[in-house]
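In this text, residue positions in the sequence shown follow the UniProt record's numbering: the first is 1, and each later residue adds one.
From the three backbone atoms N, C-alpha and C, an ideal C-beta is built for every residue, glycine too.
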Amino acid sequence: MLQLRHLHTSIPAKLPSPTVTTGKPSSLQTLSMVAPESCKKDVLAKVCHLKKLSIRGQMAAFLESRGGISNLEELKSLEHLKLLNDVLYMNKTVQLPSAFFRLVRTVKKLTLANTRFAWSEAEKLAQLESLEVLKLKENAFMGGTWKPEVGGFSKLRVLWIERAELETWEASNLNYPILRNLVLVSCDKLDAVPVELADIPNLREMKLENTIKAVKSAKDILELKKSQKIIFKLSIFPPESESKATHRASGFRSGVMCMMLRHFMFSVVPSPDKIVPIKKTCLPLELLFFSSF
1 MLQLRHLHTS IPAKLPSPTV TTGKPSSLQT LSMVAPESCK KDVLAKVCHL
51 KKLSIRGQMA AFLESRGGIS NLEELKSLEH LKLLNDVLYM NKTVQLPSAF
101 FRLVRTVKKL TLANTRFAWS EAEKLAQLES LEVLKLKENA FMGGTWKPEV
151 GGFSKLRVLW IERAELETWE ASNLNYPILR NLVLVSCDKL DAVPVELADI
201 PNLREMKLEN TIKAVKSAKD ILELKKSQKI IFKLSIFPPE SESKATHRAS
251 GFRSGVMCMM LRHFMFSVVP SPDKIVPIKK TCLPLELLFF SSF
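This is the structure:
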């Protein structure tokens with residue numbers, strides 16, 4: 001087993017402590033995924049050459065425990081780190097400890113999912129000088145506003161934000177000086193992509209998926225890139241024509257439902273004097289078919 005390089009599991013694995021603490025360390029380079037309680041000092045010391053680590057479980061306890069996050073100091077070659085917070089453990093606010101950035105200073109790719117940090121905590125990630133890829137998924141950060149400070153994320157090339165409650169994002173080329181790819185997925189509350197990002201020379205590609213409100217600003221960035229004679233790829237899903245067609249169809253269905261409802265209500269009332277005035281409103285489809293009259 002000393003020659004095993006990559007270990008992947010579909011559920012968080014719970015690893016036992018090594019029976020022998022001395023001898024040659026393991027050749028393991030990938031460990032995905034493990035439970036936080038498996039990240040013991042003696043376990044990580046045995047896999048000190050690890051480059052990729054995925055941890056899933058109760059992040060609050062792991063990040064606050066001296067026997068948890070602090071044990072990552074055993075991993076001197078760690079490049080990819082994933083922290084996936086289990087939905088079952090959401091009754092406590094999670095914060096990034098200051099030691100986190102010292103312990104993972106070699107990390108080039110960081111993925112956070114469902115950790116529900118405040119957006120103010122995101123500023124701390126800018127301290128990771130080696131960070132090139134940052135993926136924030138499933139409400140990794142909570143809140144409506146992100147205004148990063150100038151001078152961080154000096155090596156960040158890829159920024160991925162998925163399923164966030166973000167509404168206002170204030171940023172410029174000074175916040176992500178060499179950013180190349182930006183991906184926004186299901187950020188349906190985001191009003192706009194900062195147009196100032198067009199001033200990032202290296203920005204070459206942007207993808208918006210189910211982030212309808214920010215489409216106009218993304219197109220503005222595309223036009224600015226064209227004026228700078230810079231090759232830039234913008235992908236939008238669903239396509240704008242499809243989105244408008246869906247919106248029109250939805251409006252048509254709502255109108256039909258309202259007409260059906262009014263016809264039905266007047267047809268079941270025996271005489272005009274018993275008609276109860278109602279507001280002109282469109283009831284949900286579920287209410288129309290499943291309510292009792």
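- Non-local C-beta neighbours of E149 in its own chain, meaning closer than 8 Å and more than five positions away in sequence, comprise E123, A126, N175, ordered along the chain.
- Non-local beta-carbon contacts of V104 in its own chain, meaning distances under 8 Å to residues more than five positions away in sequence, involve L72, L78, L81, L110, L128 in chain order.
- When secondary structure is reduced to three states using DSSP, P36 falls in the helix class.
- Straight across, the Cα-Cα distance linking I221 with I200 is about 11 Å.
- Residue range 6-13 is occupied by the beta strand (DSSP E) that includes S10.
- Beta-bridge pairing by DSSP links I161 to L136, L184.
- CA-CA distance, S26 to L53, rounds to 14 Å.
- Beta bridge pairing from DSSP links L53 with L31, L81.
- A straight line joining the alpha-carbon of A45 with that of V185 spans about 37 Å.
- Taking the C-beta atoms as reference points, R5 is found no nearer than 8 Å to A35.
- Judged by DSSP secondary structure, A113 falls within the beta strand (DSSP E) whose first and last residues are 109-113.
- Annotation: the continuous alpha helix (DSSP H) that includes L63 extends over 59-64.
- Boundaries of the beta strand (DSSP E) around K207: 205-209.
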